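**Student:** Following full-length UniProt numbering, the numbering of the sequence shown begins with 1 at its first residue and continues without gaps.
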Amino acid sequence: MGDTHRSEPGDARAEANTTSSPPPQDADAAPLVADDNPPDEGFDDEDQGLGRDQVSDTASLASSILAYRQENGRTYHAYKDGAYVLPNDESENQRLDLQHNLLLMTFDDKLHMAPIPKEPKRVLDAGCGTGIWSIEFADEHPECHVTGIDLSPIQPAFVPPNVTFYVDDLEDDWNFSAPFDFIFSRFMTGSIRNWPRYLKQCYDNLVPGGYAEFMDIIYPFHCDDGTLRPDHAMHKWSNLLQDGFAANGHSMRTALEYREWLADAGFADVTVVKEKWPSNGWPRDPKYKQVGLWTYENGVAALQALSLAIFTRPRAEGGLGWRTEELEVLLAQVRRDFRDKSIHAYWPIWTVYGRKPER
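1. Would the stretch 163-173 and the stretch 337-345 be scored as touching if the rule is three or more Cβ pairs under 8 Å?
2. Could you pull the start and end residues of the alpha helix (DSSP H) that I116 belongs to?
3. Does the contact criterion of 3 or more C-beta pairs under 8 Å hold for the stretch 117-130 versus the stretch 182-190?
4. Does the Cβ of D264 have 16 or more other Cβ atoms within 10 Å, making it buried, or fewer, making it exposed?
5. Note the first and the last residue of the continuous alpha helix (DSSP H) segment covering E275.
6. Take the Cβ of L262 as the centre, count every other Cβ of all protein chains shown within 10 Å, and call the residue buried at 16 or more, exposed below.
7. Contact check, K356 vs G266 under 8 Å by CB: the rounded distance?
8. Once you ignore the five residues that flank F176 on each side, which residues in its own chain have a CB closer than 7 Å to its CB?
9. If you follow the alpha helix (DSSP H) that E325 is in, where does it begin and where does it stop?
10. Rounding to the nearest angstrom, what Cα-Cα distance links L102 and P179 in this structure?
11. Name the DSSP beta bridge partners of E140, please?
12. May I have the straight-line CA-CA distance separating S279 from Y296, to the nearest angstrom?
13. Taking the beta carbon of E358 as the centre, do at least 16 other beta carbons fall within 10 Å, making it buried, or is it exposed?
14. So which of P115, E143, D109 has the shortest CA-CA distance to residue 360?
15. Please tell me whether T312 and G318 are closer than 8 Å, where the distance is taken between their beta carbons.
16. Would DSSP call H344 helix, strand or coil?
17. Using the DSSP secondary-structure output, state which residues sit across from E213 in a beta bridge.
18. Along the alpha helix (DSSP H) that carries Y288, what are the first and last residues, could you check?
19. Are there three or more Cβ pairs, one per stretch, closer than 8 Å when the stretch 104-120 is compared with the stretch 327-336?
20. So who's on the other strand from residue 360, going by DSSP bridges?
21. Buried or exposed for F245, going by 16 or more other Cβ atoms inside 10 Å?
22. My assumption, with CB atoms under 8 Å, is that A138 sits in contact with P160. Please give the rounded CB distance.
23. Whole angstroms is fine: what's the gap from W294's alpha carbon to L96's?
24. Can the beta-carbon of T130 be found closer than 8 Å to that of T189?
25. For V223, which beta-bridge partners are listed by DSSP?
26. So Y219 packs on T271, CB below 8 Å; how close in whole Å?
27. Can you list, in chain order, the residues of its chain whose CB lies under 6 Å from that of T351, leaving out five sequence neighbours each side?
28. What does a CB cutoff of less than 7 Å around G292 pick up in its chain, not counting 5 residues either side in sequence?
29. Would you report the Cα separation of A302 and A157, rounded to the nearest angstrom?
30. Can you tell which of F187, P115, N162, D36 has the C-alpha that lies nearest to the C-alpha of D150?
31. Restricting to Cα atoms, I'd like to know which of E213, D35, R315, L98 is closest to G249.
32. In whole angstroms, give me the CA-to-CA distance for S191 and S238.
33. According to DSSP, what are the bridge partners of A34?
34. Would you tell me roughly how many angstroms separate the C-alpha atoms of N162 and H141, rounded to the nearest one?
In structure tokens form, the structure reads like this:
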């Protein structure tokens, strides 16, 4: 992964604090107020991200895991083809690391929100992506062993001794040798089909008193003042993307159900923490202005990655059946809307966690 702790643009990331006191239940994000005189941040049309090194040693992995699907100039994993519809290439991995730093900024440099023990022994990063969260948590907790699971072998070859990565499908039956003190899972909306079963497997693989935490984005774009209109390309794209994921068997609004699903799985003390990602630097509040600048970089870099498979694959494969040229025209219009500070759009970002009762 190379310099996975890099923090550009703005160098706004501080040392992550992985011990936190629980916030009040249903901690809502405050309404965002638009800046009356927003400065020009010099936005351009180019997708940008942070740098990282690609995995260099994957010889021990099965050929089926290493087989990639090439499509529209992007690379997709072939293991459990279609289970995850975003690319797994270098550009996307760079964006995922940028997004990690954006999440740290959003949640005040906390790697998690659940009030876990100060010295957890076993932690699972379910859907670990590039492995950046696993590595940073392991660095903060050298007494702990972190296991990362993902469908793609995109994690670095050289990691701390207390981190292990595996390629596997989290929707298969879990067969871990021992339960975990903490299970962390973020941005899995659009990836899991059977959420109640997934959450029950998390519950069953926790020690009594252990916590599970789920962090996710909610589609489509939200707007509180009417400045995002149905005729905006951003509005059209966001709703079409949501429809496309639904046609593929994945909801992009699962976070709205996490509280109920966690309670149904047996979790106690279920807590919801609500945040927002402004579409650019339009908010007046300094923190959310900065969060918005990072959201713009992350969002523009994600547009093609999120859209290509969903929009251009045939309907028989869960896509919308668009021509690539049609999609590129729409995405150019969406980038324009992303830059427009008169559009006060945002994505809700929710973190929901719960505790397995001690019996």
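For each residue, glycine too, the CB sits at the ideal point set by N, CA and C. For clarity, every value in this text was computed on a predicted model and none was experimentally measured.
**Tutor:** If we stick to the structure as given:
1. Cβ pair count under 8 Å is below three, so no.
2. Where I116 is concerned, there is no enclosing alpha helix (DSSP H), given that its DSSP letter is neither H nor E.
3. Because the criterion of three Cβ pairs below 8 Å is met, the stretch 117-130 and the stretch 182-190 touch.
4. D264 is exposed by the Cβ-count criterion.
5. Premise fails: E275 lies in the beta strand (DSSP E), 268-278, not in any alpha helix (DSSP H).
6. buried
7. 7 Å
8. N205
9. 324-339 is the extent of the alpha helix (DSSP H) around E325.
10. 30 Å
11. In the DSSP output, where bridge partners are listed per residue, E140 has none listed.
12. 6 Å
13. The residue in question, E358, is exposed, as its Cβ has fewer than 16 Cβ neighbours within 10 Å.
14. With the chain covering only 1 through 359, there is no way to say anything about residue 360.
15. no
16. coil
17. F184, Y353
18. 286-312
19. no
20. The question about residue 360 has no answer, for the chain in this structure spans 1 to 359.
21. buried
22. 5 Å
23. 12 Å
24. no
25. It should be pointed out that residue 223 corresponds to Cys in this sequence rather than to Val. Per DSSP, A345.
26. Contact doesn't hold; Cβ gap of about 23 Å is too wide.
27. M113, M215, V273
28. Excluding sequence neighbours, G292 sits near P278, S279, N280, G281, W282, P283.
29. 25 Å
30. The residue with the shortest Cα to Cα distance from D150 is F187.
31. For G249, the nearest C-alpha among the options comes from R315.
32. When rounded, the separation of the alpha-carbon atoms in S191 and S238 is 17 Å.
33. P283
34. 9 Å
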